[in-house]
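Working notes for the structure below.
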Amino acid sequence: MYKSVGPDNVHPKVLKECSESLSSSLAIIFVKSFITGSIPKLWSCANVVPLFKKGNKLDPTNYRPVSLTSIVGKVMERIIKDHMMVFLIENNLISKEQHGFVNNKSCITNLLETLDLITQAYEEDISVDVLFLDFKKAFDSVSHTKLLKKLFRLGFVSSLLNWCKSFLSGRTQRVVIGEYISSWKMVTSGVPQGSVLGPLLFVIFINDLCRGIIKDTKLYADDTKVISINHCYDDNKILQEDINRLVKWSEDWLITFNESKCKVMYIGKKNPRYEYKLNNSVLTETMIENDLGIFISNNLEWKYHVNSAIGKANRKLGMIKNSFEYLDELSLKLLYKSLVRPHLEYGATVWSPFWKKDIDNLEIVQHRATRIESLRGKSYEERLKILELPTLFDRRRRGDLIQMYKISKGKDIVNFHHPPLNFELERSSRSNNCRIRRQFTKSRIRHHFFTNRVINDWNSLPQWILDKDNLNIFKNSIDNYFGF
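If you want it as structure tokens, here you go:
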């Protein structure tokens with residue numbers, strides 16, 4: 022909690038515990054700030070702390086700068102952000118390709134759309150080229166002047182535009198590492214990472230990136246993928262032209278590509294492996310790419326990601342076992358569900374494995390985790406029953422149903438194209454009226470993709486479960502129905 026304190030040293034717990042007595046005063050400050058289009062000076066200050074990403078810890082470029090700003094200012098930012106988001110959504114102003122920091126979209130919706138395109142092309146024996154593009158310090162490179170112009174063009178005017186201008190202008194920051202604090206420096210560009218409003222402002226800035234791009238594009242903030250389904254010989258030329266357009270956009274808006282991290286993945290046995298250039302640099306081929314936390318392989322199988330997830334989970338499990346000489350059942354369950362299982366389940370609707378070896382290897386982690394002294398001599402099934410834990414396989418089935426429920430209710434927006442996700446309307450009272458039409462498949466890859474994999478369980482659900490409008494009630498209902 023201490024780390025989240027900004028330069029004003031106001032702790033979030035103060036606002037939480039004193040919310041009733043402070044709310045009237047804060048409301049006056051917020052209204053005056055909005056009407057005058059200005060913010061208190063301390064709201065423009067930030068303590069920048071380095072957040073390690075990956076790689077060599079001695080390399081400063083492997084750290085993400087996170088700005089710790091005023092908690093009171095963040096409350097105001099959230100009010101502004103919510104107002105702006107409503108305006109953008111009601112007027113359909115956000116690019117449909119963008120999945121980052123947008124309501125009803127996420128890393129998972131991005132990846133489901135991506136794999137829908139790729140697996141269907143694989144099904145039809147059509148090669149696919151996927152570009153993974155990386156911007157160099159994208160959030161820090163945003164031109165304030167150009168961002169304000171984009172806000173104005175979208176229809177943000179008067180007090181709101183002036184407030185955003187004040188939010189971006191005159192910002193100062195200092196680096197804080199432990200007890201060491203640097204001097205204050207002016208910030209002349211960029212949106213503050215760690216702020217509430219910053220991510221939305223970046224999404225607005227990059228909103229027109231895909232304009233004029235012919236090939237399918239998927240965005241999560243600045244993480245950009247361009248997907249070329251190669252129906253004919255000209256598709257590689259079209260993709261190269263798209264790359265050139267993206268380079269032109271980056272030059273116009275002063276955000277540069279990190280050429281060394283931009284890659285191309287060739288998918289399909291008959292892929293001709295065309296060479297693509299970005300700023301005269303040939304893109305490096307990648308066989309396996311970490312895409313939003315999930316490793317995608319060019320053979321569209323999940324062995325590498327499964328092994329990576331198992332490795333992370335085993336390291337956490339080892340830490341737990343080494344830290345406690347004795348674990349009772351309640352403590353084990355709490356630690357396992359909090360620290361170990363999330364590594365085995367993140368994004369499982371995207372990568373749920375179909376090879377028995379991968380399925381078994383995942384289950385072995387939970388098998389090992391449940392071996393504690395009080396359960397010695399009991400079988401795996403008995404241990405799960407005592408601990409009230411389902412198998413990981415059933416957890417993935419449950420996750421598929423929850424994801425499909427979110428899509429069917431519009432809680433998650435996923436644009437499936439091959440074919441569009443269709444629900445059959447049936448009058449029979451014995452079955453649900455939201456049955457998914459089954460797609461004939463000939464390849465194992467497409468057959469086990471989410472929209473086909475979930476069909477049997479989804480279509481077996483009775484209508485009274487599908488009619489639930491509350492997600493938590495739906496979860497409890499399928500738990501009871503399937504015995505998860």
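The numbering of the sequence shown is the numbering used here, which starts it at 22 and goes up by one. Glycine included, each C-beta is placed from N, C-alpha and C at the ideal position. These numbers come from a predicted model, not from an experiment.
Apart from sequence neighbours up to five positions away, the residues of its chain that approach D256 with a beta-carbon distance below 6 Å are S249, ordered along the chain.
For D256, the enclosing alpha helix (DSSP H) has its first and last residue at 256-273. Segment contact: the segment 197-212 against the segment 64-78, three or more CB-CB distances shorter than 8 Å; contact assigned.
Taking 3 residues as the minimum length, the beta strand (DSSP E) runs contained wholly in the segment 23-96 are 66-73, 84-89, in order along the chain. Taken through DSSP and simplified to helix, strand or coil, K284 comes out as strand. In the structure shown, K354 falls within a helical segment according to DSSP collapsed to helix, strand and coil. The closest CA to that of E98, considering only L260, Y401, F55, S352, is found on F55. Straight through space, the alpha carbons of G504 and R404 are spaced by roughly 16 Å. With a cutoff of 8 Å on beta-carbon distance, L313 and Q119 are scored as not near each other. Counting every other CB atom within 10 Å of its CB across the protein chains shown gives T209 a total below 16, marking it as exposed. DSSP, reduced to helix, strand and coil, places Q460 outside both helices and strands of the structure shown, so it counts as coil.
G76 counts as exposed, since fewer than 16 other C-beta atoms from the protein chains shown sit within 10 angstroms of its C-beta. In the three-state reduction of the DSSP assignment, R419 falls in the helix class, which pools H, G and I. Of the other Cβ atoms in all chains shown, 16 or more fall within 10 Å of the Cβ of M425; this residue is therefore buried.
Between N83 and K74, the alpha-carbon positions lie close to 6 Å from each other. Only residues of its own chain outside the window of five on either side were considered, and among them S148 have a CB closer than 6 Å to the CB of K291, listed in chain order. Spatial neighbours of Y502 in its own chain (CB-CB distance under 8 Å, excluding positions within 5 residues in sequence) are listed in chain order as L482, P483, I486. With 16 or more other Cβ atoms from the protein chains shown falling within 10 Å of its own Cβ, P28 counts as buried. In the structure shown, the three-state DSSP call for S162 is helix. Under the three-state reduction of DSSP output, V247 falls in the strand class. With a 10 Å radius around the Cβ and a threshold of 16 neighbouring Cβ atoms, W323 comes out buried. Ranked by Cα distance from V87, the first of S40, P213, W205 is P213. For D312, DSSP records a beta bridge to I315. Boundaries of the beta strand (DSSP E) harbouring F153: 149-154, taken from the DSSP string. Counting only the Cα atoms, R397 lies some 23 Å from L360. Contact between the segment 330-346 and the segment 138-154 is not established, with fewer than three Cβ pairs separated by less than 8 Å. Apart from sequence neighbours up to five positions away, the residues of its chain that approach K126 with a beta-carbon distance below 7 Å are H120, I434, ordered along the chain. Annotated three-state conformation of K236 is coil, per DSSP. D349 is the residue among I101, L109, D349, V285 whose C-alpha sits nearest the C-alpha of S395. For T472, the enclosing alpha helix (DSSP H) covers residues 471-474. Here S302 carries a strand assignment [DSSP, helix/strand/coil].
By a beta-carbon distance limit of 8 Å, K284 contacts E310. Their separation comes to about 7 Å.
The closest CA to that of N30, considering only S59, I92, I466, is found on I92. In the DSSP assignment, R192 is bridged to V208. Annotated three-state conformation of V224 is helix, per DSSP.
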